[in-house]
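Below is one structure; the comments refer to it alone.
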Amino acid sequence: MEMLDFLELSFKLWITSELQLGSVIQVDGRPVDAPSVIMEDVFNGGMSLSCKNEHNLPIVGWWLATSASLMTKAADVLVQLNKINFISTTFDWVLNISSQLLQNASDRLINIPGLPPHREWELNPQYFPFMPLFMAYLVPRVTRIINEVDAIACCTTLEMEPVCAASLSSSFEYPIESFFIGPAVDLASPNHENDSDSLVTQFLNRAYAEKGAHSVIYIAFGTVFFPSSGSIPHLMAILDEIPKAGLKFIFSLSSASAKLEKAWMDAHIAAGNAIFPHWTNQTAATHYFLSHGGWSSCTEALVRGVPMIFWPFTGDQPVNSMQIAEIHDCGFELLQIRTGPAKSKAYQNGTEIEIAGTDDAVRGEMKQILDMSKGARGEQQRMNTRRLGRTIRDSLSPGGSGDLALEDFGAVLGLAH
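My numbering applies: residue 69 is where the sequence shown begins, and numbers increase by one.
In structure tokens, the structure reads:
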């Protein structure tokens, strides 16, 4: 929160300075017009709005994920956050607000156009003590910028979520002009011809020689998220099931909070079951990709035809899981690993699923998922993923819906064709 406040102040100083330089400035020896419009990531929370009296420029929004995830900001589930008076940062107040928000998460059935019905608490399947406080601070700001921007660009494709996209413009307090420009994803696969000596390539080659195609699961939770210390037994139970299913895995430990028992890791490495690099390209996933479900991770998997297993935490991740796993059937979501209020019931396809949350329940769920992934359901999901990935690629191609939307968005910004 302090970082956002600092960025807001810094932006005010910067934009004021830029506008005082005149109509044309020099950048690296080239003439550049003074700013004529501001494009702000909606998740910044409207930094440009606080100083609009100084710059008087039009503001457009930028949303790095799907329109469905943006629409959850308009859902009833977040109204309670807007009513919180953010007046103090004392420790007692933090505990009080966090407790209130935890208790307020309910089993109300939420219906958002284009998404399957879900319980309110399913939008935050992993509970983090700091998250309610942060959301109490951020959500009113996000709501404000959504209601005040002149237009918004979403990094999604119209074809992937047509109902959500059609509903977005009328989902907020005021109508908003929306552009669906496609995800920011690298469509070209990396060249591994000169990478034969890498640990990952050697591991994949051995796996292919021993077990054939689609025999490795790639696992990564990004650079920010990782299961909490209380969920590590669940994580280890899940990972232990992978070799039992006759598969191997690559676990990218890129997060600073990624901590696993060294003896346990060494045992899997010695058995030839796994490797644990700090980072590797996500195209290494040849069977399924087990992920937190961040939008960048999702789109990288989709355009390469790799189905997913989701362990979502918060933000856009639960919505991404709903869309990809439930609507498009391009993967599975782990349910028994949920914590906080979500460790109760899950509403899936009109059925209530009890969340036991025990190690045995987690282990059993993962075994069932892996069994399905190796059978007809897995083959169907792989076909679905390839089709959806092709749709995304087509949207980003010249003349595709995303390409045309980006051109229209550029016209709104006043950019020359």
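Think of the CB as a built atom: it goes at the ideal place given N, C-alpha and C, for glycine as much as any other residue.
As the structure is a computational prediction, the values presented were derived from the model and not from experiment.
Can you grab the Cα-Cα spacing for the pair residue i / residue j, in whole Å?
i	j	result
Leu138	Glu433	30 Å
Thr426	Leu402	13 Å
Glu188	Val207	16 Å
Asn150	Gln448	Residue placement at Asn150 is flagged as unreliable, the pLDDT there being 43, under the threshold of 50; the coordinate-derived value follows with that caveat. Asn150 and Gln448: Cα-Cα distance of roughly 42 Å.
Asp471	Ser322	32 Å
Ser238	Thr140	13 Å
Met71	Phe111	13 Å
Leu77	Ser116	10 Å
Gly482	Ser104	9 Å
Ile300	Phe289	13 Å
Gln270	Ala281	15 Å
Glu474	His186	Glu is not the amino acid found at residue 474; the sequence shown has Leu there. Between Leu474 and His186, the C-alpha separation is close to 32 Å.
Val430	Lys330	22 Å
Pro311	Leu177	38 Å
Gly478	Glu216	19 Å
Asp175	Ile337	42 Å
Gly443	Arg450	11 Å
Asp439	Asp428	16 Å
Gly97	Ile106	23 Å
Met228	Phe400	18 Å
Asn121	Gln416	48 Å
Ala320	His302	Per the sequence presented here, residue 320 reads as Ser, with Ala not at that position. Spanning the two alpha carbons is a distance of roughly 17 Å.
Val95	Ala324	36 Å
Taking 8 Å as the limit between beta carbons, can you name the residues of its chain near residue i, skipping five residues before and five after?
i	result
Pro466	none
Asn452	Pro375, His396, Asp397, Cys398
Gly298	Thr407
Ser283	Ala275, Tyr276, Gly314, Leu315, Lys316, Thr354, His355
Pro230	Gly182
Asp218	Pro126, Ile127, Val128, Glu245, Val480
Lys279	Gly314, Leu315, Lys316
Asp476	Phe247
Ala352	Residue placement at Ala352 is poorly supported in this model, since its pLDDT is 47, which falls under 50; the coordinates still yield a value, given next. Around Ala352: Val268, Leu272, Val284, Tyr286, Ile318.
Met304	Leu328, Glu329, Trp332
Asp73	none
Ser296	Gln194, Phe196, Thr407
For residue i, which residues in the same chain have their Cβ closer than 7 Å to its Cβ, ignoring the five residues on either side in sequence?
i	result
Trp161	Bear in mind that a pLDDT of 44 at Trp161, under 50, signals an unreliable position, so the model cannot answer this.
Leu267	Ile343, Pro345
Could you tell me whether the Cβ atoms of residue i and residue j are closer together than 7 Å?
i	j	result
Leu236	Pro386	no
Ile285	Tyr356	yes
Ala335	Phe294	no
Ile421	Ala410	no
Gly340	Val210	no
Pro193	Met390	no
Ser309	Lys435	Correcting the residue identity first, residue 309 is Glu in this sequence and not Ser. Closer than 7 Å, so yes.
Ile180	His123	no
Phe378	Ala393	yes
Ile423	Ser441	no
Tell me, to the nearest whole angstrom, how far the beta carbon of residue i is from that of residue j; I am working on the premise that it is less than 8 Å.
i	j	result
Arg454	Gly373	4 Å
Thr367	Ile460	7 Å
Ser365	Cys222	No, Ser365 and Cys222 are not in contact; Cβ-Cβ is about 17 Å, not under 8 Å.
Gly361	Asn388	5 Å
Return the chain-ordered list of same chain residues with a C-beta closer than 6 Å to the C-beta of residue i, the five sequence neighbours on each side being excluded.
i	result
Cys119	Lys80
Leu226	Ala233, Phe248, Ser469
Leu163	Confidence is the limiting factor: at Leu163 the pLDDT is only 45, short of 50, which leaves the residue's position unreliable, though a coordinate-based value still follows. Here the set comprises nothing.
Met333	Phe344
Ala369	Phe357, Met376
Smallest Cα separation from residue i: which of the options?
i	options	result
Trp363	Gly340, Ser266, Asp384	Asp384
Arg274	Gly298, Ile343, Gly361	Ile343
Pro243	Asp334, Ile213, Leu321	Ile213
Leu255	Ser463, Glu241, Gly418, Leu438	Ser463
Ile437	Asn112, Gln404, Leu456, Ser412	Gln404
Glu108	Leu75, Val253, Asp96	Leu75
Gly457	Phe319, Gly250, Ala473, Asp439	Gly250
Val371	Leu307, Ala252, Phe240	Ala252
Ser359	Ile106, Leu177, Pro197, Ile306	Ile306
Ala133	Ile337, Met228, Thr224	Thr224
Phe196	Glu122, Val292, His123, Asn215	Val292
Ile220	Met304, Leu303, Trp130, Met228	Trp130
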